[in-house]
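Take a look at the structure below.
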Amino acid sequence: MELTREQKQFFETFGFLSLPGLLKEEVGWIIDEFEAVFRGRNVVHDGSERSCIVPFIDQSARLSTLLDDPRLVGLISGILGEEFNYLGGDGNYYTGDTSWHSDGFHTVGKYLKVALYLDGVGRDSGCLRVIPGTHRLDMFKGWEARQAGESPERWGIEQKDVPAVALETRPGDVVAFNHNLMHASFGGSKRRRMFTLNSCARCETEPELDELKKYIANHHRYWIDQMHSDIMRGTASPARMCHLQQVIENEGHLPALSARARKEMSEPARG
Ligand SMILES: O=C(O)CCC(=O)C(=O)O
């Protein structure tokens, strides 16, 4: 699959893209594998807090093939270029609301999240909400929309009432957004299933590589020694390997950081 010029321009302008039904034929086995991964890791989700596994699709050889799927590869390549880096991602049972935030704010490089919600989710039942345009570096300095997490103090409204686009989805739909984009979710159940794939454009400059290393370092909180699983790497075709290689070459600092995190934290982070 190739994105159209208009889809690419939409993404650049607003920071997100919805692809209804992109994986609808696959969603049956995807849900089975999702459940099997959580079972295999003995995660019992009791709904009191978010349960999270990182990296996620990497835990299953079949889910790892999503990184070979021409529809997902077409989507990610269309935004980041054909030599994009795969950076792992999380698998979640979410519980309740997620406040307004962005997944960091990258001033160099381009970082993308692809998300699949495995239950039907609507505006007030836990779908992703986004504030279009908040990913834009040129808007960052001046636009208070990036402070949406302070909506009661700033604007006298609850976070759920911040003006935003609700990306309602059914299983098999795919949404993608720039990591810099402000996003949130409200009214979801205590068992909201979703997983993500994170990627960035291949780094060509030292500042881009430094940003990638910083992004990787941040994963110490998950107590992982490498960004991808051995399954993901061991079953990779040359085409998939192209999306893993630059990360493999730049993650040497992660094991020591994770070793420290294991001493300092009582459990791996839940997001
Ligand atoms: O679905 C949600 O609750 C929020 C998802 C999110 O914040 C993320 O994937 O970064």
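At position 226 of the sequence shown (counting the first as 1) the number is 432 in this note's numbering, and the numbers step up by one without a gap. The beta carbon of each residue, even a glycine, is placed where N, CA and C say it ideally should be.
Contact set for residue i: own chain, Cβ-Cβ below 7 angstroms, skip 5 residues either direction
{"i": "ALA467", "result": "HIS426, ARG427 and TRP429"}
{"i": "ALA370", "result": "ARG335, VAL336 and ILE337"}
{"i": "PRO413", "result": "VAL314"}
{"i": "GLY475", "result": "In the sequence as presented, Gly is not what sits at residue 475; that position holds Ala. Here the set comprises ARG427 and TYR428."}
{"i": "HIS449", "result": "LEU273, PHE290, ASN291 and TYR292"}
{"i": "ALA457", "result": "One detail in the question is off: residue 457 reads as Glu in this sequence, not Ala. So the list reads ILE422, GLN432 and MET433, once near-sequence residues are dropped."}
{"i": "GLU473", "result": "none"}
{"i": "GLN452", "result": "ASN291, ARG408 and CYS409"}
Cα-Cα separation between residue i and residue j, rounded to whole angstroms
{"i": "PHE401", "j": "GLY297", "result": "4 angstroms"}
{"i": "ALA372", "j": "PHE383", "result": "13 angstroms"}
{"i": "TYR300", "j": "ALA445", "result": "33 angstroms"}
{"i": "LEU209", "j": "LEU278", "result": "10 angstroms"}
{"i": "VAL381", "j": "ASN404", "result": "12 angstroms"}
{"i": "ALA354", "j": "GLY440", "result": "42 angstroms"}
{"i": "GLU231", "j": "PHE311", "result": "34 angstroms"}
{"i": "LEU463", "j": "ASP416", "result": "16 angstroms"}
{"i": "THR375", "j": "LEU229", "result": "12 angstroms"}
{"i": "SER397", "j": "GLU350", "result": "Before going further, note that residue 397 is Arg rather than Ser in the sequence given. When rounded, the distance between both Cα atoms is 32 angstroms."}
{"i": "SER270", "j": "ASP344", "result": "36 angstroms"}
{"i": "LEU322", "j": "HIS307", "result": "19 angstroms"}
{"i": "GLY302", "j": "SER395", "result": "6 angstroms"}
{"i": "LYS469", "j": "ASP309", "result": "25 angstroms"}
{"i": "LEU225", "j": "GLY477", "result": "25 angstroms"}
Assigned exposure category for residue i - 16 Cβ within 10 Å defines buried
{"i": "PRO377", "result": "buried"}
{"i": "GLU239", "result": "buried"}
{"i": "GLN265", "result": "buried"}
{"i": "GLY221", "result": "buried"}
{"i": "MET388", "result": "buried"}
{"i": "VAL368", "result": "buried"}
{"i": "ASP379", "result": "buried"}
{"i": "VAL327", "result": "buried"}
Supposed close pair residue i, residue j - CB separation, criterion 8 angstroms
{"i": "ALA390", "j": "SER257", "result": "ALA390 to SER257, Cβ: 19 angstroms. No contact."}
{"i": "ARG399", "j": "LEU324", "result": "4 angstroms"}
{"i": "GLY295", "j": "GLY332", "result": "Wrong, their Cβ atoms sit about 19 angstroms apart, outside the cutoff."}
{"i": "VAL233", "j": "PHE262", "result": "Wrong, their Cβ atoms sit about 16 angstroms apart, outside the cutoff."}
{"i": "ARG247", "j": "ILE236", "result": "Contact flag wrong, Cβ pair sits at about 17 angstroms."}
{"i": "GLN215", "j": "LEU223", "result": "The pair is not a contact, with the Cβ atoms about 10 angstroms apart (cut-off 8 angstroms)."}
{"i": "LEU281", "j": "VAL320", "result": "7 angstroms"}
Own chain residues within Cβ distance below 6 angstroms of residue i, not counting five before or after
{"i": "TYR317", "result": "HIS385 and CYS406"}
{"i": "PRO201", "result": "This structure does not reach residue 201, given that the chain is present from 207 up to 477, and the question cannot be answered."}
{"i": "THR219", "result": "none"}
Residue i beta carbon near ligand 2 (any heavy atom closer than 7 angstroms)
{"i": "ASP309", "result": "Absent from the structure shown: ligand 2. Ligands present: ligand 1."}
Margin query: Under 8 angstroms: do the region 282-298 and the region 350-367 share three or more Cβ pairs, one atom per stretch?
Written below: As far as the Cβ criterion goes, the region 282-298 does not touch the region 350-367, which means the pair count is below three.
Notebook entry, point to check: Using 8 angstroms as the threshold, is the region 320-340 in touch with the region 432-444, meaning 3 or more CB pairs across them?
Noted result: As far as the Cβ criterion goes, the region 320-340 does not touch the region 432-444, which means the pair count is below three.
Checklist line | Inter-stretch contact at 8 angstroms, needing at least 3 Cβ pairs: the region 280-287 / the region 247-263 | finding: Judged by Cβ distances under 8 angstroms, the region 280-287 makes no contact with the region 247-263, as fewer than three pairs qualify.
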